[in-house]
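Only one structure is covered here, and it is reproduced in the block below.
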Amino acid sequence: MRHRTPGGPVPGSRSLRSRLGTLRPDAFGADPAGERMARIRRSPNFADGVFQNPLGARTRPTGSMLEFAKVYFRKEERVLRSPSGTIPVHPTTFADLAVAPASGLRLTWMGHSSVLAEIDGRRVLFDPVWGDRCSPFAFAGPRRLHPVPLPLAMVGPVDVVVISHDHYDHLDLPTIKALAGTDTVFAVPLGVGAHLEHWGVLPDRLHELDWNETTKINGISLTATPARHFCGRGLRNQQHTLWASWAVAGPEHRIYHSGDTGYFPGFKDIGAGHGPFDATMIQIGAYSEYWPDIHMTPAEGLQA
């Protein structure tokens, strides 16, 4: 039996302290303030102190919390959710990106929601996440299933980085800090710029958009379009930053990146207003019966 002297350290507390020491407070980002917050309050999509979805959405798991906990934390259930075998992944190499696409359009998947889009001579990087975990903690949180195909430095120059929303699996602190040291500019939904400025991105390299606003960067148009999801990197800033899908148009091609979203009728309006699209990137990987409003099933993705 282990004993400790009165006032002495709790056994195991050093390990706990060391783990807490790996918490990256910067990863929580920053809350919008000042003129940025004033602009948020003027947004037609902001009401009752939070951003609103285009269609009502439950942003927390539905049904029994006990059933939810069983599915996501019991070892037996985790095994059922795991692939039965190795999933083949194309081994992207530097040579794949060394020559521009002859067609003027190429999409290269970099894992999860990260995609490098080469469109009409420009390079757009969506939701870049090169970190090993999607978490503010270095020791906990979802870990990537596959290594990144290439080191970030080998991807080459990027004209614009596009962020769909500020959840950890779409907005990654180490990746953004690395890109902040390049010449790229950033297109982000309203409010998300507060995080990027906190991490070292200069304000003049930020294009912060509300839904249905457009910016032009190096000859391509980027429009933040509606999505059905939610935001926040902690307990304090839920729904104070906007989420978006993105329509990108070059002189010859048009593409669409959905970000995380549930199905809603607005897809038809997006297609009518910004399409037809030569390629679309539709998120379906996080679908679950426990959050049907904020992610899509494969069938819903096809319908969208």
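Reminder that position 169 of the sequence shown reads as 169 in full-length UniProt numbering, one-by-one numbering, no gaps. C-beta: ideal position from N, C-alpha, C; glycine also.
Query	Result
Just to confirm, are Asp293 and Asn45 a CB contact at a threshold of 8 Å?	no
Tell me which same chain residues have a C-beta within less than 7 Å of the C-beta of Arg122, skipping the five on either side of it?	Asp159, Asn218, Gly219, Ile220, Gly250
What three-state label does DSSP hand Arg228 in the structure shown?	coil
Considering only their Cβ atoms, is the gap separating Ala244 from Ala227 smaller than 8 Å?	yes
Once DSSP output is grouped into helix, strand and coil, what is the label at Pro189?	strand
How is Arg144 classed by DSSP in three states: helix, strand or coil?	coil
Which same chain residues, not among the five before or five after Ala30, have their C-beta less than 8 Å away from its C-beta?	Ala194, His195, Glu197, His198
Are the CB atoms of Ser43 and Leu190 within a distance shorter than 8 Å?	yes
Rounded to whole angstroms, what is the Cα-Cα separation between Ala304 and Ile163?	20 Å
At which residues does the beta strand (DSSP E) containing Arg42 begin and terminate?	Counting along the chain, Arg42 falls outside any beta strand (DSSP E), though it belongs to the alpha helix (DSSP H) covering 34 to 42.
Rounded to the nearest angstrom, how far is the Cβ of Asp169 from that of Val129, given a contact under 8 Å?	6 Å
Could you have a look at Ile176 and say whether DSSP puts it in helix, strand or coil?	helix
Under 7 Å from any heavy atom of the ligand ADP, does the C-beta of Thr215 make it?	By its list of ligands, the structure shown contains no ligand whatsoever, and the ligand ADP lies outside what it can speak to.
Select from Gly200, Asn53, Ile270 the residue whose C-alpha is nearest the C-alpha of Thr182.	Gly200
Between Arg39, Glu300, Phe126, Pro298, which has its C-alpha nearest Tyr256's C-alpha?	Phe126
In this structure, what does DSSP give as the bridge partners for Ser245?	Thr225
Look at Thr241 and Asp132 and say whether their C-beta atoms are less than 8 Å apart.	no
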